[in-house]
Every structure is written in C-alpha cells, then in structure tokens.
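Visitor:
Numbering (the numbering used here), first residue to last: 274 to 643.
(1) I'd like the span of the alpha helix (DSSP H) that includes residue 318, first residue to last.
(2) What is the DSSP secondary structure of residue 596, counted as helix, strand or coil?
(3) Below 7 Å CB to CB, which residues in the same chain sit around residue 333 once its five sequence neighbours on both sides are set aside?
(4) Can you list, in chain order, the residues of its chain whose CB lies under 7 Å from that of residue 359, leaving out five sequence neighbours each side?
(5) With DSSP collapsed to three states, give me the class of residue 491.
(6) Tell me which residues share the same chain as residue 274 and place their Cβ nearer than 7 Å to its Cβ, disregarding the 5 neighbours each side in the sequence.
(7) Spatial neighbours of residue 452 within its chain, please: CB distance less than 8 Å, with the 5 preceding and 5 following residues excluded, ordered by chain position.
(8) Count the CB pairs spanning the region 427-439 and the region 304-315 that are closer than 8 Å, and state whether there are at least three.
(9) Going by alpha carbons, who is nearest to residue 312 out of 326, 526 and 322?
(10) For residue 434, which three-state DSSP category applies?
(11) Counting only the same chain and skipping the five closest in sequence on each side, list residues whose C-beta sits under 6 Å from that of residue 411.
(12) With 16 other CB atoms within 10 Å as the buried threshold, where does residue 455 fall?
(13) How would you call residue 357, buried or exposed, if buried means at least 16 neighbouring beta carbons within 10 angstroms?
(14) Helix, strand or coil: how does DSSP classify residue 606 here?
(15) According to DSSP, simplified to helix, strand and coil, what is residue 297?
(16) Quick one: any contact between the region 569-583 and the region 507-515, if contact means 3 or more CB pairs under 8 Å?
(17) Closest to residue 546 by C-alpha separation, out of 631, 383, 421 and 481, would be which residue?
(18) Can you grab the Cα-Cα spacing for the pair residue 549 / residue 477, in whole Å?
(19) Tell me the DSSP secondary structure of residue 331 in three-state form.
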C-alpha cells in the first residue's frame, strides 16, 4: 500500500505536466489535513496557550523554537507539503484571512478524536485533555472555509478536484483517552473500533460528496512500541508479553485490529473511478525502524526510549513529561524514534513520510517536462 501513494503522486505529476496544473506540485494546488497531534501544526496552542508544545524544547531541531507541533521539528504533513512543493499549512485557528489558506489548511488539533467530545462525556471520562474539536467539527471548519475560498459551485469543484486530503492519524485518541484513564480494554476500549471506523467512513463520504478526488487515510501506529504505553503496561513476569523487540504484543495486536477494519472499510466505501482513496501505512513503516534501527540511522539502545521525558526505563514516567521541571533531553533527537513518549521525532516522521511518498525502494518520481 505504501507504493500506491507514490504512484498517485507521480501519476498526478505526469497529468499536470500535460495540463494547466503545475507539475512541481504533483498536480495538487492545495493540501488539507485533519486529525490530532500527529498532524497538528499549532491549532491546540491557539486554543490552549499552556500546551506543552508551546514551550521548549519542542520545535528545537528544525524551527529553532516551539511552533505548536508535538515534535522536535517537522511532521509527516510538513514533509508531504515539501514533496508537493507547497508551503507548510497554516493552522486553521491561526489564519486571519482567506489568503492564509490559498494553498490549503491544517484542521488537526492535538488530543482530538474521531468520536465527539459528548460521546466521551457520556462514557464518564474526564474531558480535561479531550478538546471539543472532533473530526465532525474539523469537517465543519473545512466546509465553511470552502465557501469562503470558492464563491461559485464551479470554483469549489475546482478546489476539491485539485486538492490532496490527508486524514492524519484519526482515531488514535479515541483509544488513548480511555487507556490513559484506566478504562477496561475488553468492555470499553476494544468495542470502540467499529464506532471509530464508522466515523472515519462518514468523513470520507462527506469529502467525496463535496467533490474530493484524492484522499489519504493513514492507519494507527504500533502503540505497543510507544514509550508511554510501555511504561503504563509493564509486565516483568511474563516473557511472552513482549515480542522479540521489546514491544507489547497485545497492544500492537489492537493497532492491527483497527488498521484491518480501516482497510476493509476503505476497500468497500462506494466511489466512482475518478476518486482515489489511499491507505497510509504508518504501522509497518514505524515497525521497520523499530526492528532495524541502525540501518536507518537510529540507535538500537534507544529504540523504545523517549528523547525528551521524565525518567524511568522508557524515559516516559508521566503523560506530559517533556519540558517539565524534572524532564531530561537527549543530545541527539535524530537517533531516537520517540520524541516525548507519545510522538515521534522529526527523523522518524521523515522516514515514515518518505516511504509513503516513494515506496519501499525509494523510487524517484520523475515528472515529464512540458
């Protein structure tokens, strides 16, 4: 499935070279993204200025300052924008005028869920870190912006057909929040999968009905290899609890269950031949650097250890340990896969994005000249 996005970009580039589109952008004139902290480039900090991503050392590697990204640098969506020769997307809550979104917008909000905040309120969860900006809210933001960007049906149709839509890692927080609040996996968390998939399906249908032609829908990461989860669910007595690389088996199995359901839905969703929906494989790509770190430039001894955290065997004793008074920071983030115990480093995101764009063998995308 990784190769599909590569072929999509190359095919769009070739088509653009024979039309009025710009081949340098792969035929896409805009990029719109939805999701959570994997994709958020500053929306949450606009709403919650005290967010950890608003303070150092977040952003230190590339931007040299905090930008609201939960990373030391760029995110997957940033690398995708670079590949399409588009600017980094303006976070929707930071934009002032339509001109700020001339080439796209980022609607992702850290902590956001596919299901509504009210759903989790009914579950009895503490809503302190569950923002009221679920996928439906982000879609409403987009609908409003689309009306602003295109004053006629023809203009809006043109915008939709030449835009690339990235769904981000939608759904991860629907499971994270109950996990972090010690809810039952069997009776409360696992049953959420079909509800989450249905919500993602609805969002895709909404975009298609609006005229979207190209949508990328990534799966979830292997949470059994995530330092925060490794800290929360340590088991020192059962060696079969972990795989050969130190990741927790049952948690990774759960990620795979979500991804299987997502892929099945994507295969079944009705659409005409002009619409392309691509699955983005965050899971296997992240496992590749987890299983074979040294050949990709990562340190074997820190594969499962956060670069920035507050101690413990995985340097992730608490949920928001990076940047706090008791946190410690590694000297080389690019050698780590995990940045703060939940999110990846810029180097890891770069690897995931590169393999989504170019396929497993890093084939170049050659654009024919005019």
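In this text, a Cβ means the ideal position worked out from N, Cα and C, and glycines have one as well.
Every value quoted in this text rests on a predicted model; they were computed, and no experiment measured them.
Guide: Taking the geometry as given:
(1) Mapped onto the chain shown, residue 318 falls at position 45. Where residue 318 is concerned, the enclosing alpha helix (DSSP H) stretches over 316-320.
(2) Translated into the one-based positions of the chain shown, residue 596 becomes position 323. Coil.
(3) Translated into the one-based positions of the chain shown, residue 333 becomes position 60. Here the set comprises 345.
(4) Position 86 of the chain shown holds residue 359. Excluding residues within five positions, the ones whose Cβ falls inside 7 Å are 298, 304, 376 and 377.
(5) Working through the chain shown from its first residue, we reach residue 491 at position 218. Strand.
(6) Locating residue 274 in the chain shown gives position 1, counting from the first residue. Summary for residue 274: the model assigns pLDDT 39, below 50, so the residue's position carries little reliability; its value from the coordinates is reported in the next sentence. Closer than 7 Å at the Cβ level, and outside the excluded window around residue 274, lie 552 and 554.
(7) If you number the chain shown from 1, residue 452 lands on position 179. Here the set comprises 458, 462, 502 and 505.
(8) At 8 Å Cβ cutoff, the stretches touch.
(9) As a working note, residue 312 is residue 39 in the chain shown. Out of 326, 526 and 322, 326 has the C-alpha closest to the C-alpha of residue 312.
(10) Here residue 434 is taken as the residue at index 161 of the chain shown, counted from 1. Of the three classes helix, strand and coil, the one that applies to residue 434 here is helix, per DSSP.
(11) Here residue 411 corresponds to residue number 138 of the chain shown, with the count starting at 1. Excluding sequence neighbours, residue 411 sits near 307 and 380.
(12) On the chain shown, position 182 is the one that residue 455 refers to. Exposed, by the Cβ-count rule.
(13) Here residue 357 refers to the residue found at position 84 when the chain shown is read from its first residue. Burial call: buried.
(14) In the chain shown, residue 606 corresponds to position 333, counting from 1. Residue state, collapsed to three classes: helix.
(15) Position 24 of the chain shown, counting from 1, holds the residue named residue 297. Residue placement at residue 297 is poorly supported in this model, since its pLDDT is 44, which falls under 50; the coordinates still yield a value, given next. Correct three-state label for residue 297: helix.
(16) No, the region 569-583 does not touch the region 507-515.
(17) Residue mapping note: residue 546 aligns to position 273 of the chain shown, counting from 1. Residue 546 has its Cα closest to that of 481, out of 631, 383, 421 and 481.
(18) For the purposes of this step, residue 549 is taken as the residue at position 276 of the chain shown. For the purposes of this step, residue 477 is taken as the residue at position 204 of the chain shown. Distance from the CA of residue 549 to the CA of residue 477, rounded to the nearest whole angstrom, comes to 11 Å.
(19) Working through the chain shown from its first residue, we reach residue 331 at position 58. In this structure, DSSP gives residue 331 a state outside helix and strand, which the three-state scheme calls coil.
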